[in-house]
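Number of protein chains: 2
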Amino acid sequence: MSRPAAHALLDVLHDWGVDRLFTCPGSTEAAVLDALVHRKDVEPVLTTHEGVAVSMADGLARITREPSVAYLHANVGLTNGLSHLYAAQLGYSPVVLLNGLKPSSIQAREGFTTGRRMRDLVHQYVKSDWQSLSSAAVPEDVNRAVRTAVTEPAGPVWVGIGQELLENDEPVPVPEAARFRFDSRTAPTAGPIRAAADLLVTAQRPVIVAGNEIARVRAVEQLVALSEQLGLPVLHEDRRGFERPGFPTDHPHFRGQYSPDHPLVRDADLLVFLGARLFNEFEPARVPPLPDGVPVVHGHGDARHIAMIHGVDVALVGDQGLVIAALAGALADQAPRTVPPAAPAPARTPSGGAVLRPGEVVDVLTESLRGSTLIGDATTAGGILQQRAHQASGDDYLVSTSGSLGWGMGAALGVAMGMPGRRVAAVLGDGVFQFGLPALWSAARSGLPVTYVVLNNGGYAAVGSALQRFGGDALASGVYPGVDISGPRIADIATGFGVPGRRVTTLPELRDALADSAGVDHPTLVEVMTEPTEFSPS
Amino acid sequence: MSRPAAHALLDVLHDWGVDRLFTCPGSTEAAVLDALVHRKDVEPVLTTHEGVAVSMADGLARITREPSVAYLHANVGLTNGLSHLYAAQLGYSPVVLLNGLKPSSIQAREGFTTGRRMRDLVHQYVKSDWQSLSSAAVPEDVNRAVRTAVTEPAGPVWVGIGQELLENDEPVPVPEAARFRFDSRTAPTAGPIRAAADLLVTAQRPVIVAGNEIARVRAVEQLVALSEQLGLPVLHEDRRGFERPGFPTDHPHFRGQYSPDHPLVRDADLLVFLGARLFNEFEPARVPPLPDGVPVVHGHGDARHIAMIHGVDVALVGDQGLVIAALAGALADQAPRTVPPAAPAPARTPSGGAVLRPGEVVDVLTESLRGSTLIGDATTAGGILQQRAHQASGDDYLVSTSGSLGWGMGAALGVAMGMPGRRVAAVLGDGVFQFGLPALWSAARSGLPVTYVVLNNGGYAAVGSALQRFGGDALASGVYPGVDISGPRIADIATGFGVPGRRVTTLPELRDALADSAGVDHPTLVEVMTEPTEFSPS
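Here's what the structure looks like:
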């Protein structure tokens with residue numbers, strides 16, 4: 003088949019199952035927009051900032067595990083999308099980033115919104131970066147980009163496309179996507195599986211640590227079965243690496259998050275990390291993150307993460323679902339161990355103070371939003387939310403380890419698009435809110451019933467916390483530069499965008515607001531005023 | 003002198019006259035923030051988005067012509083600042099970008115918010131990019147960065163600084179900035195000056211085109227004197243290259259903006275471009291941008307722009323103030339020519355329609371804001387604003403040619419900081435507004451009496467205009483994908499940020515709102531509802 007390049011591009015995407023094009027366009031994208039006028043098979047999803055386009059595409063790709071496309075404009079649009087492209091990369095999210103570039107003569111002449119090194123901007127964030135060299139190459143390049151994005155380990159890919167290549171009416175060949183899609187999962191060889199199984203047989207107190215990859219490759223139920231078969235306790239991967247739950251928090255074998263001072267870890271004689279990072283370090287470790295002398299089995303779909311920092315005893319490279327299946331087979335004759343009892347959960351009661359503390363707010367959120375998919379994008383309160391939120395499946399809680407603030411506001415919309423009928427709520431900090439603001443426009447336009455909850459402590463608590471750890475003049479004087487961002491009336495700003503907002507200052511008001519937002523057919527926002535001086539909620 | 007690195011860094015900056023640090027910090031910047039607790043000589047200016055930090059620093063640097071510093075956080079913060087870094091580059095703005103990086107062990111291990119190729123992200127936007135390798139090197143590296151940024155042609159410089167380098171208490175040497183500051187202006191040799199003067203003597207109908215550089219190097223009054231000495235008409239550089247006025251629009255020799263179909267250009271037998279770009283192309287030219295066979299003299303402070311696209315007869319590389327002085331000297335004996343009379347200005351009257359048209363709004367703005375410094379950041383209405391705004395000095399109108407939307411919202415604040423007592427107004431599109439939103443927080447916090455005017459046509463008119471030029475299905479059907487961004491109540495959103503907003507729908511309301519905002523001691527915003535279907539106002 004041959005078609006004009008702009009149509010051929012859309013044909014290829016549709017052939018891969020892509021039915022939405024997230025974009026914040028400019029004049030360079032005219033031909034593609036024009037090609038969308040009469041098509042019903044690909045819907046342009048307009049956004050008002052590239053960060054929103056990328057994070058929406060990412061959210062949709064994460065939840066569907068299908069390729070998702072963001073079409074950005076020129077060099078300035080691309081740079082605006084980079085911080086969330088990094089998030090997509092860390093999440094192994096098959097986001098295809100198409101980038102409209104000025105006509106080649108304008109590029110050569112350093113004209114308006116051109117860059118000399120466009121690929122430098124994306125190179126470290128993508129699996130492949132390429133600028134199409136002819137109209138005929140566009141559909142092939144885009145087809146290859148999608149194929150590369152979905153091939154395991156999945157991840158973002160960038161294609162730059164000059165304006166004149168798409169404004170060319172000449173028919174160009176359209177590749178048949180089906181012939182480029184293949185099962186790219188791989189499994190370890192028999193040796194490492196046998197070695198891991200042997201360690202699991204001989205160890206007395208093995209602990210499994212379930213990482214993001216388990217949820218990403220949809221192996222949570224398989225891991226539940228393995229933990230039941232072997233009678234082993236399971237932890238989530240540690241806070242800094244955690245992006246989604248690899249094990250149900252309500253399963254009797256679940257024992258919390260990995261930490262070197264977790265009693266099970268201190269007591270373990272074998273640690274089996276499946277699909278986790280070892281580790282995504284935030285700062286140099288004060289405590290060795292792995293207990294000394296305990297054998298480590300480490301499985302991951304991306305060999306880059308294995309033996310990256312710490313040596314391992316057995317590496318299980320490949321799809322973690324296949325790894326679990328192989329381990330289950332190799333250990334079919336094992337009698338299950340008895341899982342040590344869980345420590346009683348600490349009792350938590352509301353503080354009763356005049357100003358809400360993050361912990362009590364999080365407790366109401368996890369209770370009121372139980373059964374929803376939560377998107378976390380709250381820098382300091384995010385840690386306790388992650389620990390306490392009910393997570394029955396791998397799709398119940400999503401967070402990015404990128405540190406790219408505002409990601410959750412767009413990602414929540416993409417996730418909601420991928421889970422029709424499911425309630426989706428994004429829990430945000432007030433700093434985050436200002437980074438993701440244009441997502442409110444997309445929320446209002448989409449009509450998706452996403453609930454945004456903003457914990458407004460009026461500050462960058464992470465900066466306050468860092469200054470406290472630094473232990474210098476700020477701590478001594480109580481003067482914290484770079485922390486106080488109070489002022490905005492976040493609920494009013496949301497209302498101005500067409501997302502009805504409500505500010506609450508008490509737990510009953512918060513419960514009411516969350517209940518009211520549950521049944522509606524449009525996005526809402528709840529602004530929760532919290533204690534401004536609690537920099538490290540726990 | 004020796005001081006701990008964080009203090010030494012601030013000492014160097016202060017020594018260069020930097021008394022503000024624009025920042026959106028994270029934990030990597032703790033040591034610098036802590037060092038600011040008791041210092042009175044450098045003020046941390048907190049922002050809530052890196053784009054705001056960079057554009058504020060840029061605005062201040064442009065108006066003061068002094069170095070200005072933005073301190074960004076990690077890789078995600080850096081990427082958020084890139085689009086406006088490009089603006090600073092195009093404006094030859096000496097913005098020093100300091101970038102807090104994670105400790106080196108975390109960088110090596112690909113930990114949280116690290117990048118493998120940080121310098122790739124900035125390389126094409128800066129004069130120099132370097133990551134400090136030791137605590138002792140930090141003040142030297144920063145000193146060199148400022149020196150490089152201000153050396154002509156000026157421009158942004160990036161320095162990456164690992165967290166541990168600044169958390170080190172060991173005293174390190176502090177360079178003495180005065181010994182690194184020098185007059186870096188250069189002038190052409192006698193030959194090109196003589197050749198240009200000869201062409202000016204023999205030509206019958208020479209035209210001078212005054213570019214951004216004239217305003218940047220503060221040579222507007224010199225150019226006025228030269229045009230009076232020689233009796234020559236002067237044009238501003240063409241719309242796509244224009245960043246600030248090189249000639250007063252109220253001078254009797256001013257004849258509008260350069261365009262190949264301007265009557266003076268069509269009739270010219272010599273074109274003398276001083277400090278302009280030839281050209282910043284938006285799309286392939288339909289009309290040759292230079293009239294055939296007419297000699298061209300081209301002066302610029304940056305040789306990169308000379309003979310970049312079009313050959314020239316004489317090149318005048320160097321400081322355009324020195325160039326003008328040399329030309330004035332070489333032509334001291336010339337009798338002035340008679341400047342051809344200006345064409346009468348087209349009469350413009352309000353349309354009287356129910357919905358305001360951009361042209362009539364711009365006319366009220368230029369009249370009501372006369373005497374203010376205007377910052378332009380309105381994609382389609384920007385062109386007519388630029389043509390019609392009263393510009394008595396090189397500081398009366400600033401716009402970026404970067405296409406990085408939202409730049410004007412932060413730049414206006416930086417400009418206002420650099421011009422105490424002067425009224426500053428930013429004229430924005432509604433699309434732009436969503437890109438620059440966090441600047442409203444900075445506006446409210448600063449208390450600077452900046453007037454924001456948003457022309458809200460509910461759409462990306464530039465995209466609509468591109469679809470019309472494309473002439474395909476969108477034009478035929480009247481369905482314009484990617485254009486409609488209507489919905490937000492912009493005045494309400496501003497009010498939510500603490501910037502009192504007012505929506506107006508008539509010209510008298512607009513005049514009243516602008517009059518009311520003139521005398522106040524805080525920022526305000528006026529949202530002007532305009533015709534949504536006028537994609538190409540003229």
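Those sequence lines, one after another, are chains H and A. Under the numbering used here, the first residue of the first sequence carries the number 3, and numbering increases by one thereafter. Under the numbering used here, the first residue of the second sequence carries the number 3, and numbering increases by one thereafter. Here a beta-carbon is modelled for each residue, glycine too, at the ideal position from N, C-alpha and C.
Can you grab the Cα-Cα spacing for the pair residue i / residue j, in whole Å?
| i | j | result |
| --- | --- | --- |
| residue 195 of chain A | residue 400 of chain A | 30 Å |
| residue 231 of chain H | residue 397 of chain H | 24 Å |
| residue 351 of chain A | residue 362 of chain A | 7 Å |
| residue 527 of chain A | residue 243 of chain H | 43 Å |
| residue 541 of chain H | residue 443 of chain H | Since the displayed chain H opens at 3 and closes at 540, residue 541 of chain H lies outside it and no answer follows. |
| residue 517 of chain A | residue 217 of chain H | 59 Å |
| residue 520 of chain A | residue 108 of chain A | 51 Å |
| residue 66 of chain H | residue 357 of chain A | 44 Å |
| residue 139 of chain H | residue 171 of chain H | 14 Å |
| residue 434 of chain A | residue 407 of chain A | 5 Å |
| residue 319 of chain A | residue 308 of chain A | 8 Å |
| residue 85 of chain H | residue 405 of chain H | 9 Å |
| residue 275 of chain H | residue 240 of chain H | 11 Å |
| residue 354 of chain H | residue 367 of chain H | 17 Å |
| residue 427 of chain H | residue 415 of chain H | 9 Å |
Return helix, strand or coil for residue i, following the three-state DSSP convention.
| i | result |
| --- | --- |
| residue 519 of chain H | coil |
| residue 186 of chain H | coil |
| residue 18 of chain H | coil |
| residue 125 of chain H | helix |
| residue 419 of chain H | helix |
| residue 384 of chain H | helix |
| residue 357 of chain A | coil |
| residue 498 of chain H | helix |
| residue 60 of chain H | helix |
| residue 377 of chain A | strand |
Would you list the one or two residues that DSSP bridges to residue i?
| i | result |
| --- | --- |
| residue 74 of chain H | H:101 |
| residue 163 of chain A | A:102 |
| residue 209 of chain A | A:273 |
| residue 4 of chain A | A:175 |
| residue 332 of chain A | Residue 332 of chain A is not bridged to any residue. |
| residue 238 of chain A | A:212 and A:259 |
| residue 45 of chain H | H:22 |
| residue 301 of chain A | A:276 and A:318 |
Taking 8 Å as the CB-CB cut-off, is residue i touching chain H?
| i | result |
| --- | --- |
| residue 226 of chain A | no |
| residue 522 of chain A | no |
| residue 244 of chain A | no |
| residue 237 of chain A | no |
| residue 446 of chain A | yes |
| residue 133 of chain A | no |
| residue 101 of chain A | no |
At the 8 Å Cβ level, is residue i part of the contact set with chain A, yes or no?
| i | result |
| --- | --- |
| residue 394 of chain H | no |
| residue 51 of chain H | yes |
| residue 285 of chain H | yes |
| residue 498 of chain H | yes |
| residue 160 of chain H | no |
| residue 494 of chain H | yes |
Kindly list, in the order they appear in chain D, the residues whose Cβ is closer than 9 Å to that of residue i.
| i | result |
| --- | --- |
| residue 40 of chain A | Protein chains in the displayed structure are H and A, and chain D is not among them. |
So with CB distances below 8 Å, who are the chain A contacts of residue i?
| i | result |
| --- | --- |
| residue 465 of chain H | 27, 28, 29, 31, 32 and 35 |
Check whether the Cβ of residue i lies closer than 7 Å to any heavy atom of the ligand COA, and answer yes or no.
| i | result |
| --- | --- |
| residue 443 of chain H | Of the ligands one can find in the structure shown there are none, so the ligand COA has no counterpart to examine. |
For a contact defined as C-beta to C-beta under 9 Å, what are the partners of residue i on chain A?
| i | result |
| --- | --- |
| residue 108 of chain H | 283, 284, 285 and 286 |
Starting from the beta carbon of residue i, find every residue of chain H whose beta carbon is closer than 8 Å, and list them in chain order.
| i | result |
| --- | --- |
| residue 526 of chain A | Correct list: empty, because the minimum Cβ distance to chain H is about 16 Å. |
Which bits of chain H does residue i rub up against, with CB to CB less than 7 Å?
| i | result |
| --- | --- |
| residue 259 of chain A | In chain order: nothing, as chain H lies at least about 16 Å away. |
| residue 126 of chain A | 117, 118, 119 and 122 |
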